[in-house]
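Comments concern the structure below.
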Amino acid sequence: MLYLDLDNFKAFNDVYGFSKGDEIIKFTARIISKNILRK
Numbered sequence: 096m097l098y099l100d101l102d103n104f105k106a107f108n109d110v111y112g113f114s115k116g117d118e119i120i121k122f123t124a125r126i127i128s129k130n131i132l133r134k
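Quick look at the structure:
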């Protein structure tokens with residue numbers, strides 16, 4: 096399990112909207128998933 100706090104994410108959502116915020120979360124999750132060491 097991984098807990099991640101994206102700084103100022105609420106401000107991003109307020110400016111660009113929740114759909115763009117969702118895209119950023121999914122993009123971030125893909126990048127982390129591709130680069131994490133699995134055991």
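Using my numbering, read the sequence shown as starting at 96 and increasing by one per residue.
Where is the CB? At the ideal position from N, CA and C, for every residue including glycine.
This one's a predicted model, so the numbers in the text were calculated from it and none came from an experiment.
(request) Quick one: grab the DSSP three-state call for residue 133. (result) Indexing the sequence shown from 1 puts residue 133 at position 38. In this structure, residue 133 counts as coil in the three-state DSSP scheme.
(request) Find out if the Cβ-Cβ distance for the pair residue 116, residue 107 is shorter than 7 Å. (result) Numbered from 1 along the sequence shown, position 21 holds the residue referred to as residue 116. Numbered from 1 along the sequence shown, position 12 holds the residue referred to as residue 107. Yes, the pair counts as a contact, with Cβ atoms nearer than the cut-off.
(request) With a cut-off of 8 Å on the beta carbons, I'd call residue 127 and residue 101 a contact; round off their distance for me. (result) Reading the sequence shown from its first residue, position 32 is the one you call residue 127. Reading the sequence shown from its first residue, position 6 is the one you call residue 101. Actually they are not in contact, since the Cβ atoms of residue 127 and residue 101 sit about 12 Å apart, beyond 8 Å.
(message) According to DSSP, simplified to helix, strand and coil, what is residue 98?
(response) Numbered from its first residue, the sequence shown carries residue 98 at position 3. It is coil, neither helix nor strand.
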